[in-house]
Amino acid sequence: MSEWLPVAWFGVIAFGVMMYVLLDGFVLGLGILAAFARDEAQLDDMMNTAAPIWDGNETWLVLGGAGLMAAFPRAYAIILSNLYLPVLLMLIALVFRGVAFEFRFKAVRSKRHWGFAFAAGSILAAFAQGLMLGAIVQGLPADPQQARTTFAWFSPFAMTTGVALVFGYALLGASWLILKTEGNLRRRAREWIRPLIVAMLAFIGLVSSWLPFLDSRIMARWFEGNRFLWLSPMPIAVLVCAVMLWRAAAMRSHDARPFLLSYALFALGFIGLLIGLWPNIVPPSLSLWEASSPPSSQGFVFVGLVILLPVILGYTAWSYRVFRGKIEGGSGYH
Amino acid sequence: MDVLLLSRIQFGFVISFHILFPAFTIGLAHWLAFVEWRWLKTKDSFWRDIYFFWLKIFAVSFGMGVVTGIVMSFQFGTNWAILSDKAGNVLGPLLNYEVLSAFFLEAGFLGVMLFGWKRVSDNVHFFATCMVALGTLISTFWITSANSWMQTPQGHFINAQGVFEVANWWQVIFNPSLPYRLAHMILAAFITTCLVIGGTSAWYLMRGVHQEPAKKMLRHAVVFAAIAVPLQIFVGDLHGLNVREHQPVKLAAIEAHWHESQPGEGTPLVLFALPDEKAERNRAEIAVPRLGGLILAHDWNGTIQPLTAVPPSERPPVAPVFFAFRVMVGLGSLMLLLVIASLWAWKRGTLMQSKWVLSAWRWMSPTGFIALLAGWYVVEIGRQPYVVYGLLRTSEALSPQITRAAVMSSLIVYALAYTVVFGSGMWYLRKLLLVGPVPQPPKHTGDGEKTPARPMSLPDEKLDGAAGDLK
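Protein chains in written order, with the numbering used here: chain A, 4 to 337; chain B, 33 to 503.
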């Protein structure tokens with residue numbers, strides 16, 4: 004059991020993080036695009052597309068955190084304590100982003116302030132998450148006792164991944180809007196897609212070509228043996244997705260297609276990242292077996308996961324079904 | 033101030049702020065389930081108006097609870113990395129079960145509860161409300177279990193690396209203090225909500241607005257408090273016996289009991305004192321002989337272990353524990369008085385007119401929160417200097433790499449952010465309370481699935497308008 008359980012948990016946490024990135028990603032994207040909303044009514048519509056589901060989407064982040072603590076406590080301790088300030092930044096940003104959903108609709112005079120809190124909170128949270136990602140990829144000490152300076156995570160590379168994630172989430176947000184809205188807002192969302200594809204591809208290229216200079220291990224992993232042959236479809240798939248998305252942005256009859264394609268882009272990037280990390284949970288040297296909690300802990304929660312995760316996915320899907328379809332512009336705001 | 037103290041202050045601040053919202057929403061979710069059940073039963077639109085009124089309050093409180101809860105779930109890793117590293121095998125799975133069995137349930141059905149009114153049938157909507165309420169209870173169970181294990185750890189062993197490993201999950205989860213702590217916490221949450229509902233109703237009655245719903249809500253609050261407050265005092269007493277058995281030093285700090293009692297003298301009940309830790313005695317002490325032994329040990333000659341039985345390095349800070357406990361018990365006694373006065377007035381038929389009783393309800397409405405926080409301080413400060421009682425010191429649980437500047441700046445950032453969020457939240461809650469329950473438009477049927485649900489958190493009323501035109 005101690006052989007496969009850590010691998011299964013690595014899969015579970017990867018799944019949880021991916022669910023978070025895909026689900027809260029488009030909500031954060033809405034916030035990033037909020038800065039470009041034409042007026043308060045349009046922002047109302049944008050926020051209303053996510054109001055019933057943002058809370059559930061954000062719960063995947065807590066699952067990722069709690070799952071990491073349960074299955075890989077050492078990794079949890081190292082990552083969070085070494086990334087103290089980016090984590091703080093993300094949490095505070097998420098606080099403001101979250102309460103903005105409730106407060107903005109209750110405010111009249113201060114409505115603009117909560118719109119700003121929504122936008123700034125989303126941008127900051129996305130940027131901080133990208134920072135954390137970049138800092139983890141760059142590498143952290145393998146021992147929680149090992150001291151690092153408060154700003155050890157601060158690097159041009161982490162800044163770049165931070166900005167990249169902001170653009171990436173914005174792309175998800177724009178394609179979500181195409182799916183959920185009509186009229187003027189959908190038209191604007193279509194206009195946002197293409198510049199965001201360009202920005203996202205540019206950043207994927209920049210980050211990918213930067214990686215070998217950061218750490219040869221990640222590249223070795225890609226080019227080891229004949230692995231590259233197996234993996235070579237991936238960059239091609241990224242390009243194919245990007246081209247299809249570019250074309251889908253103009254097709255008025257396919258509102259779901261941009262959303263699915265931008266999800267595919269994210270999923271490909273995420274899988275590439277996992278391949279680069281494997282078998283480490285904290286690069287460069289803490290493997291997932293070294294960070295694993297004992298089978299008594301991993302097994303105990305795994306049983307619960309196997310039983311509860313299908314139930315969770317079931318009622319989450321039901322909740323999305325209840326709120327399916329387009330929202331009507333300006334409804335309920337009299 | 034050093035990193036340890038700053039980190040403790042930060043954790044205390046973040047958790048104190050957070051706990052208010054879950055506590056309130058645990059009770060409120062059940063109240064909403066009850067009200068919706070009454071509505072489905074009677075089909076009286078009166079109940080639906082009450083439902084939507086409290087639903088808006090619930091939405092604001094729940095939102096604040098969610099966002100501050102996310103902060104909580106990362107605090108263990110950022111500030112207490114060694115605790116996470118050493119006790120993560122035990123605490124991680126408990127918190128993970130909380131997320132899996134409670135958070136997703138609440139979040140999944142909350143959307144339907146708040147926004148799905150027109151999109152699902154009445155029965156399905158009621159089911160969603162019940163699931164949210166159930167989620168709050170399951171969440172309380174797991175978080176209380178994790179906390180109780182840190183207070184009365186068992187079912188684990190410590191391996192060669194000094195890391196906690198679980199030998200028996202049953203013993204970890206159902207550790208000796210869990211039943212008392214869980215019952216005490218859930219009752220505290222229910223009473224807190226009950227006092228807010230009753231206090232709001234009394235306030236409406238005094239102002240002469242929303243008379244009918246206010247009368248009904250006040251009656252429900254009185255009945256509930258009459259059951260829950262005495263029950264809470266009983267549970268609190270049992271919890272005290274449990275603390276005496278498992279955390280004697282904490283009990284000694286609660287009582288500011290420094291020295292061994294003389295044989296046959298029993299233990300006095302210290303009503304008031306200024307504990308002096310250096311001199312190991314109390315100043316300005318007012319005490320009732322023997323009563324302490326009777327209450328704490330259920331025996332006239334009962335004794336408890338004194339603080340000086342352990343070296344000073346093993347004692348918690350006495351004064352905060354001592355005073356916080358007295359605040360909690362004092363407010364609990366006032367709640368009991370409120371119940372007695374209300375029942376008496378009800379019997380005489382003056383409950384809805386008595387200015388005294390109504391103002392008492394009004395002024396008591398925030399006391400649930402204060403008692404809850406005070407109780408929390410007794411529990412948490414009382415277990416110092418340990419984070420896992422008797423096994424892992426708080427000072428040894430701290431993240432080694434964080435600096436004073438980092439903790440100081442994050443504490444300031446949290447304090448500023450929470451002040452803005454809490455201040456605004458209170459402002460909107462106050463506005464919602466000022467508006468009160470208003471007749472809801474009847475549910476439109478047959479306008480198709482494409483009609484978006486009207487979000488309940490939308491202003492049907494101008495909230496920034498003058499309070500005067502709300503009557």
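Built from N, CA and C at the ideal position, the CB exists for glycine as well.
Note that the structure is a prediction, hence the values are computed from the model and not measured.
Would you say residue i lies against chain A (beta-carbon separation less than 8 Å)?
{"i": "residue 127 of chain B", "result": "yes"}
{"i": "residue 117 of chain B", "result": "yes"}
{"i": "residue 170 of chain B", "result": "no"}
{"i": "residue 36 of chain B", "result": "no"}
{"i": "residue 164 of chain B", "result": "no"}
{"i": "residue 314 of chain B", "result": "no"}
{"i": "residue 482 of chain B", "result": "The predicted position of residue 482 of chain B is uncertain, since its pLDDT is 37 and thus under 50; no value can be drawn from it."}
{"i": "residue 233 of chain B", "result": "no"}
{"i": "residue 123 of chain B", "result": "yes"}
{"i": "residue 173 of chain B", "result": "no"}
{"i": "residue 293 of chain B", "result": "no"}
{"i": "residue 102 of chain B", "result": "yes"}
{"i": "residue 96 of chain B", "result": "yes"}
{"i": "residue 114 of chain B", "result": "yes"}
Examine chain B for any beta-carbon lying closer than 8 Å to the beta-carbon of residue i, and answer yes or no.
{"i": "residue 97 of chain A", "result": "yes"}
{"i": "residue 69 of chain A", "result": "yes"}
{"i": "residue 85 of chain A", "result": "yes"}
{"i": "residue 183 of chain A", "result": "no"}
{"i": "residue 27 of chain A", "result": "no"}
{"i": "residue 102 of chain A", "result": "yes"}
{"i": "residue 106 of chain A", "result": "yes"}
{"i": "residue 411 of chain A", "result": "Within the shown structure, residues of chain A are numbered from 4 to 337, placing residue 411 of chain A beyond reach of any answer."}
{"i": "residue 188 of chain A", "result": "no"}
{"i": "residue 346 of chain A", "result": "With chain A running from 4 to 337 in the structure shown, residue 346 of chain A is simply not present."}
{"i": "residue 65 of chain A", "result": "yes"}
{"i": "residue 172 of chain A", "result": "no"}
{"i": "residue 318 of chain A", "result": "yes"}
{"i": "residue 235 of chain A", "result": "no"}
{"i": "residue 180 of chain A", "result": "no"}
Which residues does DSSP pair with residue i in a beta bridge?
{"i": "residue 188 of chain B", "result": "B:198"}
{"i": "residue 179 of chain B", "result": "BP columns for residue 179 of chain B are empty, so no partner."}
{"i": "residue 290 of chain A", "result": "A:283"}
{"i": "residue 424 of chain B", "result": "B:420"}
{"i": "residue 318 of chain B", "result": "B:304"}
{"i": "residue 313 of chain B", "result": "B:308"}
Between the beta-carbon of residue i and the beta-carbon of residue j, is there less than 8 Å?
{"i": "residue 296 of chain A", "j": "residue 120 of chain B", "result": "yes"}
{"i": "residue 174 of chain A", "j": "residue 139 of chain A", "result": "no"}
{"i": "residue 176 of chain B", "j": "residue 214 of chain B", "result": "yes"}
{"i": "residue 254 of chain B", "j": "residue 374 of chain B", "result": "yes"}
{"i": "residue 308 of chain A", "j": "residue 132 of chain B", "result": "yes"}
{"i": "residue 310 of chain A", "j": "residue 136 of chain B", "result": "no"}
{"i": "residue 192 of chain A", "j": "residue 181 of chain A", "result": "yes"}
{"i": "residue 145 of chain B", "j": "residue 164 of chain B", "result": "yes"}
{"i": "residue 124 of chain B", "j": "residue 76 of chain A", "result": "yes"}
Exposed or buried, what is residue i when buried is set at 16 or more other beta-carbons lying within 10 Å of its beta-carbon?
{"i": "residue 122 of chain B", "result": "buried"}
{"i": "residue 224 of chain B", "result": "buried"}
{"i": "residue 381 of chain B", "result": "exposed"}
{"i": "residue 242 of chain A", "result": "exposed"}
{"i": "residue 100 of chain B", "result": "buried"}
{"i": "residue 330 of chain B", "result": "exposed"}
{"i": "residue 91 of chain B", "result": "buried"}
{"i": "residue 229 of chain B", "result": "buried"}
{"i": "residue 76 of chain B", "result": "exposed"}
{"i": "residue 282 of chain B", "result": "buried"}
{"i": "residue 183 of chain A", "result": "buried"}
Less than 7 Å separating the Cβ of residue i from some heavy atom of the ligand PLP?
{"i": "residue 449 of chain B", "result": "This structure lacks the ligand PLP; in fact it carries no ligand of any kind."}
Contact list for the stretch 284-316 of chain A against chain B, Cβ threshold 7 Å:
296, 297, 299, 300, 303, 304, 307, 308, 311, 315
Going along the chain, which residues of the stretch 418-437 of chain B sit with their C-beta nearer than 8 Å to a C-beta in chain A?
431, 432, 433, 434, 435, 437
Along the stretch 457-473 of chain B, what residues have a CB closer than 8 Å to any CB found in chain A?
457, 460, 463, 464
At a Cβ cut of 8 Å, what residues of the stretch 354-375 of chain B count as close to chain A, listed as they run along the chain?
Within the stretch 354-375 of chain B, no residue qualifies.
Identify each residue in the stretch 198-225 of chain B for which the Cβ-Cβ distance to at least one residue of chain A is less than 8 Å, and report them in chain order.
198, 199, 201
Any residues in the stretch 118-134 of chain A with a beta carbon nearer than 7 Å to a beta carbon of chain B? Which ones, in chain order?
Going along the stretch 118-134 of chain A in chain order, one finds no residue with a Cβ nearer than 7 Å to chain B.
Mind listing which residues of the stretch 51-62 of chain A have their C-beta closer than 9 Å to chain B's C-betas, in chain order?
51, 54, 55, 56, 57, 58, 59, 60, 61, 62
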